[in-house]
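As structure tokens, this is what we get:
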């Protein structure tokens with residue numbers, strides 16, 4: 002099969018893309034209008050009142066996790082290097098079983114809006130919530146920067162809009178969702194986006210496989226015929242085992258520390274729905290990655306690598322180009338609109354979780370010592386969402402032209418080191434203390450940021466000098482360090498009030514809250 | 009709420025849930041890092057094709073994705089059938 006020529010309408014205003022995009026924005030703003038009338042309390046704003054079903058939350062979790070970067074980036078990586086893309090996909094997926102086994106149910110039973118609720122349950126509120134907010138906001142900021150810069154670049158490439166206009170549109174629409182529709186709107190935006198993305202990717206994969214009598218192996222064989230057997234073998238991605246293990250740890254345990262993922266478990270009515278929702282999410286995400294793998298091979302065989310890199314050196318346009326080649330301009334328009342929708346949904350979820358840390362942890366519990374009246378909490382929550390939305394737009398414009406791909410890996414490393422160890426220790430270890438929790442969260446977050454700064458990613462690739470720390474991803478060092486510091490500091494000075502309340506935590510963690518009971522125990 | 013400070017049945021059940029969680033987490037770790045270490049240390053094997061078009065690497069990678077999902081399914085089944093039942097008895 003000959004690679005098709007590079008002629009493409011990517012980057013020119015595409016009527017179908019604009020129609021599909023406007024239809025998506027119209028539909029989701031309609032949902033937001035409907036949701037706004039159902040969002041009258043803080044609990045509705047942050048958790049949709051706990052009324053989301055397991056299946057709905059499964060789709061919403063998948064929607065939060067399947068970013069445009071994973072759709073376009075992994076398809077591109079597979080198109081250009083073959084098998085190596087699968088190593089990434091597997092890594093992004095394996096965090097989900099960990100979330101199911103260790104985190105989902107205890108979190109649902111012990112907390113209210115943020116993961117800090119769980120860590121602070123039997124510890125001193127102010128220091129724990131301050132430290133947890135630092136971890137949450139750091140993770141959310143890096144993740145947001147990566148998404149906004151990605152959004153600006155992608156939309157410029159696909160729709161021919163200017164970078165700034167793209168960032169403004171994404172930020173503006175996202176602020177409308179979060180500000181007015183809160184978690185109810187954000188959840189439905191995620192569900193709609195997840196369905197569109199899964200349907201779009203599946204349709205594209207089917208159209209490709211139709212050329213190979215619906216046999217993926219025939220597609221792989223054609224790739225071998227064009228590029229040699231290396232496409233089915235590991236290439237350059239995993240060159241150092243230590244590097245691979247470190248990245249693997251960050252991906253595996255980072256998922257269990259991502260604030261916008263954790264927050265979703267408060268939207269379901271009980272622990273049973275929480276565990277069920279992760280099962281659905283894991284299945285959907287796993288399926289999505291396998292389909293993406295097919296798309297990558299399809300792009301390399303149908304289009305040829307040269308035409309893909311001719312449009313974008315990083316290969317990010319492989320999936321849209323493939324859509325154009327097998328489905329024509331209308332299908333390209335549909336896939337472009339889906340990618341746009343994907344970015345919108347992910348930034349909305351991130352912003353909402355950052356707003357929960359600002360208003361629930363910092364304002365309500367630290368500034369107002371848990372005594373803020375309901376209407377004030379809701380007002381601060383909306384103010385925080387608006388502020389974070391504006392900040393996302395500013396960061397997106399400030400970081401224009403920067404290589405920010407490493408920031409998602411960084412967000413996972415901070416989540417795995419700053420958030421996950423303290424969360425797990427607070428649920429599983431009686432002897433955990435306030436000082437231990439604060440020391441663990443701060444050590445984890447700060448060491449992860451510091452070692453990334455000293456890593457080859459920043460020192461060699463961005464600043465062009467020698468790296469002081471050898472690994473690109475620091476989780477291999479920082480995650481064990483955060484566990485160790487939390488453990489040692491807790492042992493140095495025990496906190497009897499905290500360990501005395503452990504039976505209460507254990508009871509609540511398994512049995513759940515009594516009906517009508519105050520969710521945050523008075524301190 | 010003031011739960012009884014010492015409830016041996018709940019403590020037993022809590023310990024059992026953590027044990028199940030630890031075993032399943034270990035299984036996930038072994039399958040994933042097994043795959044990563046094979047990629048790192050035995051590239052020739054991973055590139056070898058079982059049948060034209062299907063290399064060990066692709067088979068095992070897809071398998072790790074499937075195993076991860078299956079393990080969450082096993083946990084959900086266990087929790088729905090055994091853990092929830094024991095909890096219901098405790099609540100009475």
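Protein chains in written order, with our numbering: chain A, 2 to 524; chain B, 9 to 100. A virtual CB, placed ideally from N, CA and C, is assigned to each residue, including glycine. For clarity, every value in this text was computed on a predicted model and none was experimentally measured.
Under the rule that 16 or more other beta-carbon atoms within 10 Å means buried, what is residue 110 (chain A), buried or exposed? For this step, residue 110 (chain A) is matched to residue 109 along the first chain. Buried.
Any C-beta of chain B under 9 Å from that of residue 477 (chain A): Translated into the one-based positions of the first chain, residue 477 (chain A) becomes position 476. Output row for residue 477 (chain A): interface = no.
Name the residues in the region 266-278 of chain A whose C-beta lies less than 9 Å from a C-beta of chain B; which are they? 272, 273, 276, 277
Please identify, using Cβ separations under 7 Å, the residues of the region 283-301 of chain A that lie next to chain B, in order along the chain. 283, 284, 287, 290, 291
Within the 9 Å Cβ cut-off, does residue 106 (chain A) reach chain B? Numbered from 1 along the first chain, position 105 holds the residue referred to as residue 106 (chain A). Chain B, which has a Cβ nearer than 9 Å to the Cβ of residue 106 (chain A), makes this yes.
Identify the residues that DSSP records as bridge partners of residue 62 (chain B): which are they? Translated into the one-based positions of the second chain, residue 62 (chain B) becomes position 54. The partner list for residue 62 (chain B) (beta bridge, DSSP) reads B:59.
Please name the residue, chosen from A:271, A:76, A:256, A:162, that lies closest to residue 141 (chain A) on a Cα-to-Cα basis. The residue labelled residue 141 (chain A) in the question sits at position 140 within the first chain. The option with the nearest alpha carbon to residue 141 (chain A) is A:256.
Can you tell me whether residue 91 (chain B) is buried or exposed, with buried defined as 16 or more other CB within 10 angstroms of its CB? As a working note, residue 91 (chain B) is residue 83 in the second chain. By the 10 Å Cβ count, residue 91 (chain B) comes out buried.
Could you check how far apart the C-beta atoms of residue 45 (chain A) and residue 185 (chain A) are, in whole angstroms? I think they sit under 8 Å. By one-based count along the first chain, residue 45 (chain A) stands at place 44. By one-based count along the first chain, residue 185 (chain A) stands at place 184. Residue 45 (chain A) to residue 185 (chain A), Cβ: 7 Å. Contact.
Looking at the secondary structure, which residues open and close the alpha helix (DSSP H) in which residue 173 (chain A) lies? Position 172 of the first chain, counted from the start, is the residue given in the question as residue 173 (chain A). Note, residue 173 (chain A): alpha helix (DSSP H), 164-177.
Along the alpha helix (DSSP H) that carries residue 148 (chain A), what are the first and last residues, could you check? To locate residue 148 (chain A), count along the first chain from 1; it is residue 147. Unbroken alpha helix (DSSP H) run through residue 148 (chain A): 126-160.
What residues of chain A sit near residue 81 (chain B), judged by a beta carbon separation below 9 Å? For this step, residue 81 (chain B) is matched to residue 73 along the second chain. By Cβ distance, chain A contributes 280, 283, 284.
Alpha carbon to alpha carbon, how far is residue 303 (chain A) from residue 333 (chain A)? Give it in angstroms, no decimals. Here residue 333 (chain A) corresponds to residue number 332 of the first chain, with the count starting at 1. Here residue 303 (chain A) corresponds to residue number 302 of the first chain, with the count starting at 1. About 15 Å.
Taking only beta-carbon atoms, is residue 38 (chain B) less than 9 Å away from chain A? The residue labelled residue 38 (chain B) in the question sits at position 30 within the second chain. It does not: the Cβ of residue 38 (chain B) has no partner Cβ on chain A nearer than 9 Å.
Out of curiosity, what's the CA-to-CA distance linking residue 445 (chain A) and residue 17 (chain A)? Start at 1 with the first residue of the first chain, and residue 445 (chain A) comes out as number 444. Start at 1 with the first residue of the first chain, and residue 17 (chain A) comes out as number 16. The straight-line gap from Cα to Cα measures roughly 47 Å.
Cutoff 7 Å; reference residue 17 (chain B); Cβ partners in own chain excluding five residues on either side: Along the second chain, one-based indexing puts residue 17 (chain B) at 9. So the qualifying residues of the chain are 98.
Can you round the beta-carbon distance between residue 348 (chain A) and residue 145 (chain A) to whole angstroms, since I take them to be within the 8 Å contact cut? Numbered from its first residue, the first chain carries residue 348 (chain A) at position 347. Numbered from its first residue, the first chain carries residue 145 (chain A) at position 144. Yes, they are in contact, since the Cβ atoms of residue 348 (chain A) and residue 145 (chain A) sit about 6 Å apart, within 8 Å.
Helix, strand or coil: which one does DSSP assign to residue 11 (chain A)? Locating residue 11 (chain A) in the first chain gives position 10, counting from the first residue. Correct three-state label for residue 11 (chain A): coil.
Please classify residue 34 (chain A) as buried or exposed, where buried requires at least 16 other C-beta atoms within 10 Å of its C-beta. Looking up residue 34 (chain A) in the first chain gives position 33. Classification of residue 34 (chain A): exposed, given that the 10 Å Cβ count is below 16.
For chain A, is any of its Cβ atoms less than 9 Å away from the one on residue 93 (chain B)? Reading the second chain from its first residue, position 85 is the one you call residue 93 (chain B). For residue 93 (chain B), the answer is no, since every Cβ of chain A falls outside 9 Å of its Cβ.
Find the residues of chain B that neighbour residue 88 (chain A), judging by a C-beta separation of less than 9 Å, and give them in chain order. As a first step, residue 88 (chain A) must be located in the first chain, where it is residue number 87. Going along chain B in sequence order, the residues near residue 88 (chain A) (Cβ under 9 Å) are 43, 44, 47, 65, 69.
Out of curiosity, what's the CA-to-CA distance linking residue 71 (chain B) and residue 498 (chain A)? By one-based count along the second chain, residue 71 (chain B) stands at place 63. By one-based count along the first chain, residue 498 (chain A) stands at place 497. The alpha-carbon atoms of residue 71 (chain B) and residue 498 (chain A) are separated by roughly 47 Å.
Mind checking residue 461 (chain A): buried by the 16 CB within 10 Å criterion, or exposed? If you number the first chain from 1, residue 461 (chain A) lands on position 460. Its Cβ having fewer than 16 others within 10 Å, residue 461 (chain A) is exposed.
Measure from the C-beta of residue 100 (chain B) to each C-beta in chain A and report whether the shortest distance is under 9 Å. Looking up residue 100 (chain B) in the second chain gives position 92. Judged by the 9 Å Cβ criterion, residue 100 (chain B) is not in contact with chain A.
Going by beta-carbon coordinates alone, are residue 341 (chain A) and residue 152 (chain A) separated by less than 9 Å? In the first chain, residue 341 (chain A) corresponds to position 340, counting from 1. In the first chain, residue 152 (chain A) corresponds to position 151, counting from 1. Yes, the pair counts as a contact, with Cβ atoms nearer than the cut-off.
In terms of residue numbering, what span does the alpha helix (DSSP H) encompassing residue 376 (chain A) cover? Along the first chain, read from residue 1 onward, the residue named residue 376 (chain A) stands at position 375. 375-399 is the extent of the alpha helix (DSSP H) around residue 376 (chain A).
Residue range of the alpha helix (DSSP H) that includes residue 462 (chain A): In the first chain, the residue the question calls residue 462 (chain A) occupies position 461. No alpha helix (DSSP H) contains residue 462 (chain A), which DSSP labels as neither H nor E.
Three-pair Cβ contact test at 8 Å for the region 406-413 of chain A versus the region 374-394 of chain A: no
Does residue 14 (chain B) have its Cβ less than 9 Å from a Cβ in chain A? Within the second chain, the letter at position 6 stands for residue 14 (chain B). At least one chain A Cβ lies under 9 Å of residue 14 (chain B).
If the cut is a Cβ gap below 7 Å, which residues of chain B does residue 253 (chain A) touch? Counting from 1 along the first chain, the entry for residue 253 (chain A) is found at position 252. Within chain B, the residues near residue 253 (chain A) are 40.
Within a Cβ cutoff of 6 Å, which residues of the same chain sit near residue 258 (chain A), ignoring the five residues on either side of it in sequence? Here residue 258 (chain A) corresponds to residue number 257 of the first chain, with the count starting at 1. Excluding sequence neighbours, residue 258 (chain A) sits near 416, 417, 420, 421.
CA nearest to the CA of residue 126 (chain A), picked from A:318, A:464, A:435: Locating residue 126 (chain A) in the first chain gives position 125, where the first residue counts as 1. When each option's Cα is compared against that of residue 126 (chain A), the closest is A:435.
If you follow the alpha helix (DSSP H) that residue 273 (chain A) is in, where does it begin and where does it stop? Here residue 273 (chain A) corresponds to residue number 272 of the first chain, with the count starting at 1. Segment 272-303, the alpha helix (DSSP H) holding residue 273 (chain A).
Check each candidate in A:178, A:424, A:494, A:271 and name the one with the smallest Cα separation from residue 386 (chain A). For the purposes of this step, residue 386 (chain A) is taken as the residue at position 385 of the first chain. The shortest Cα separation from residue 386 (chain A) among A:178, A:424, A:494, A:271 belongs to A:178.
Quick one: give me the first and last residue of the alpha helix (DSSP H) that residue 107 (chain A) is part of. Taking the first residue of the first chain as 1, we reach residue 107 (chain A) at position 106. Residue 107 (chain A) -> alpha helix (DSSP H) spans 105-111.
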